[in-house]
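J.: Those protein sequence lines, which keep their order, are chains A and B.
Note that the numbering used here has the first sequence beginning at 1, numbered continuously upward.
Note that the numbering used here has the second sequence beginning at 1001, numbered continuously upward.
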Amino acid sequence: MENQAEFATFMHAYQDMVFSTAVRLTGNDAQAEDISQEVFLKAYEHFPTLRASPTAGGWLKTVTTRLTLNHLSRYRRRWLFFSEMQPDEGLDIPVPDRLLADLEADQRHAVVEQALRDLPEHYRVPLVLYHFEEMSYEAIAEQLRVSLPKVKTDIARGRSAMAKLLSRAGGL
Amino acid sequence: MTDPRTGLEDGQRPASAGDARRGPEREARREVLAGDARRGLSGTGREVGHDEAGHLERLIDGLARSQPPRRAPASLEARVLAQIATQPWWRKGFIHWPIPARAAFLVASLGFIKLALAGALWAFDFAASTDISGLHRAGDAVSSTVSLGSLVLEAIPSVWLYTGAAVGFTLYAVLFGLSTFAYRTLYLQR
Chain A
1 MENQAEFATF MHAYQDMVFS TAVRLTGNDA QAEDISQEVF LKAYEHFPTL
51 RASPTAGGWL KTVTTRLTLN HLSRYRRRWL FFSEMQPDEG LDIPVPDRLL
101 ADLEADQRHA VVEQALRDLP EHYRVPLVLY HFEEMSYEAI AEQLRVSLPK
151 VKTDIARGRS AMAKLLSRAG GL
Chain B
1001 MTDPRTGLED GQRPASAGDA RRGPEREARR EVLAGDARRG LSGTGREVGH
1051 DEAGHLERLI DGLARSQPPR RAPASLEARV LAQIATQPWW RKGFIHWPIP
1101 ARAAFLVASL GFIKLALAGA LWAFDFAAST DISGLHRAGD AVSSTVSLGS
1151 LVLEAIPSVW LYTGAAVGFT LYAVLFGLST FAYRTLYLQR
């Protein structure tokens, strides 16, 4: 029972981070909650070592990313295949000096989260891994099992698509 | 507010396991971003004279860095704790098993190892004491199948083979084109 109370404290410290990673990768709150639940059940299995580990946050992030990518893998073949055929649309609006600078912080956060949700999955996943999870191009290529040039192209296209979405939201 | 476990302020991100794996390009990017951060939230890329793609990268990165974590649903903690409470002991980690179950598992594992070793020794003795004519028979069957296949291929006129390959390739290309068209019209338009 004492163990469970300690685990609840542990979970309370990390649940926002785990959920954020899952929800930004999936773009779906319900799926992200299911994945977060799975992550913490795994964490409970390893709790004797995690409870005192200074790298528990990193462990949770890695497991969340892996489980989310596994969850998305049934679609991965499809988007890998079709993302090869996407025309390079480019950014047909001028790149602004600042993004969403006129919005209040809360509004800006909401607009960014909505834009992430609206991004097609084959752009969102590598973009989130690079900008939000701070993984290198090489690590993303390894995780997604695609070539390095493809990762760079998808992230560049994802940025353009995101800038367009932010523009539509009135942020530019 | 500072998190007592991570030592991070609200909205700050904890270090991830990927930190150690990050390449030099990430470090270079950090330096550029640090410079941008000193100029304001998102930086003004034009001032530092970078190309548009690099400027857009820094803008998106600035937004990502200032983005706080999403708040987990209130139901998550209750769901996980309820799941843990209802989990039978054998679904939990070994450390959570009852002591008699752990002892029985260790005894059973030792017995299994002994059995596996005895089985391997018996298989080795058996193989050493029997002839290997069965292997010769299997090899003959494989080579006969290969010979039959090559005879059939030689019997088919080469024009037929080329025509068949061309038809197969055309059908594949048509299917590829149709699926591309269907994806662009049905999926991308949504």
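The beta-carbon is built from N, C-alpha and C at its ideal position, and this holds for glycine as well.
From a predicted model like this one, the values you see are computed outputs, not experimental measurements.
H46/A versus chain B: which residues are under 8 Å apart at the beta carbon?
T.: Mapped onto the first sequence, residue 46/A falls at position 46. What H46/A touches in chain B: G1093.
J.: Counting Cβ pairs, one atom from each stretch, are 3 or more of them under 8 Å apart for the segment 116–127 of chain A and the segment 35–53 of chain A?
T.: no
J.: What in chain A is Cβ-close to E1057/B, meaning under 7 Å?
T.: Position 57 of the second sequence, counting from 1, holds the residue named residue 1057/B. What E1057/B touches in chain A: R159.
J.: Check whether the segment 10–22 of chain A and the segment 1072–1084 of chain B touch, using three or more Cβ-Cβ pairs below 8 Å as the test.
T.: Verdict: yes, contact present.
J.: At the level of alpha carbons, what is the spacing between E6/A and R124/A?
T.: The residue labelled residue 6/A in the question sits at position 6 within the first sequence. The residue labelled residue 124/A in the question sits at position 124 within the first sequence. Here the alpha carbons of R124/A and E6/A stand approximately 35 Å from one another.
J.: Listing by chain order, which chain B residues have their CB less than 9 Å from the CB of Q37/A?
T.: Locating residue 37/A in the first sequence gives position 37, counting from the first residue. Annotation: Cβ neighbours of Q37/A in chain B (cutoff 9 Å, chain order): L1076, R1079, V1080 and Q1083.
J.: How many whole angstroms separate the CB atoms of A1053/B and A156/A, which I take to be in contact at a CB cut-off of 8 Å?
T.: On the second sequence, position 53 is the one that residue 1053/B refers to. On the first sequence, position 156 is the one that residue 156/A refers to. 6 Å between Cβ atoms; contact.
J.: Evaluate contact between the segment 1056–1067 of chain B and the segment 131–140 of chain A, counting only Cβ atoms and requiring at least three cross-stretch pairs below 8 Å.
T.: yes
J.: Since I believe T64/A is in contact with I35/A (beta carbons under 8 Å), could you give me their beta-carbon distance rounded to a whole number of angstroms?
T.: In the first sequence, counting from the first residue as 1, residue 35/A sits at position 35. In the first sequence, counting from the first residue as 1, residue 64/A sits at position 64. Yes, I35/A and T64/A are in contact; Cβ-Cβ is about 7 Å, under 8 Å.
J.: If the cut is a Cβ gap below 9 Å, which residues of chain A does I1156/B touch?
T.: In the second sequence, counting from the first residue as 1, residue 1156/B sits at position 156. Neighbours of I1156/B on chain A: none; closest Cβ ~34 Å, over 9 Å.
J.: Is T149/A buried or exposed, if buried means 16 or more other CB atoms sit within 10 Å of its CB?
T.: The residue given as residue 149/A occupies position 149 in the first sequence. One point to set straight first is that residue 149/A is Pro, not Thr, in the sequence displayed. By the neighbour-count definition (other C-beta atoms within 10 Å, threshold 16), P149/A is an exposed residue.
J.: What number of angstroms, rounded off, separates the C-alpha of Q1083/B from the C-alpha of S167/A?
T.: In the second sequence, residue 1083/B corresponds to position 83, counting from 1. In the first sequence, residue 167/A corresponds to position 167, counting from 1. Taking the straight line joining both Cα atoms gives about 43 Å.
J.: So, is G1049/B buried or exposed, given that buried needs 16 or more other C-beta atoms within 10 angstroms?
T.: Mapped onto the second sequence, residue 1049/B falls at position 49. Caution is warranted here: a pLDDT of 43 is assigned to G1049/B, below 50, making its placement in the model unreliable, and the coordinate value is therefore given only provisionally. Looking at its Cβ environment, which holds fewer than 16 other Cβ atoms inside 10 Å, G1049/B is exposed.
J.: Apply the 10 Å Cβ neighbour rule to I140/A and answer buried if 16 or more other Cβ atoms are within range, or exposed otherwise.
T.: For the purposes of this step, residue 140/A is taken as residue 140 along the first sequence, with counting starting at 1. With 16 or more other Cβ atoms within 10 Å, it is buried.
J.: For a contact meaning CB atoms closer than 9 Å, what does P1088/B contact in chain A?
T.: Counted from its first residue, the second sequence places residue 1088/B at position 88. Going along chain A, no residue has its Cβ under 9 Å from P1088/B, so there is no contact; the nearest lies around 13 Å.
J.: Leaving aside the five residues before and after F1094/B along the sequence, list all residues of the same chain whose C-beta is less than 8 Å from its C-beta, in chain order.
T.: Along the second sequence, read from residue 1 onward, the residue named residue 1094/B stands at position 94. For F1094/B, where only same-chain residues beyond five positions count, the Cβ hits under 8 Å are R1102 and F1105.
J.: Can you confirm whether A1053/B, when its beta carbon is compared against all beta carbons of chain A, has any partner nearer than 8 Å?
T.: Here residue 1053/B is taken as the residue at index 53 of the second sequence, counted from 1. Taking Cβ atoms only, chain A reaches closer than 8 Å to A1053/B, which makes this a yes.
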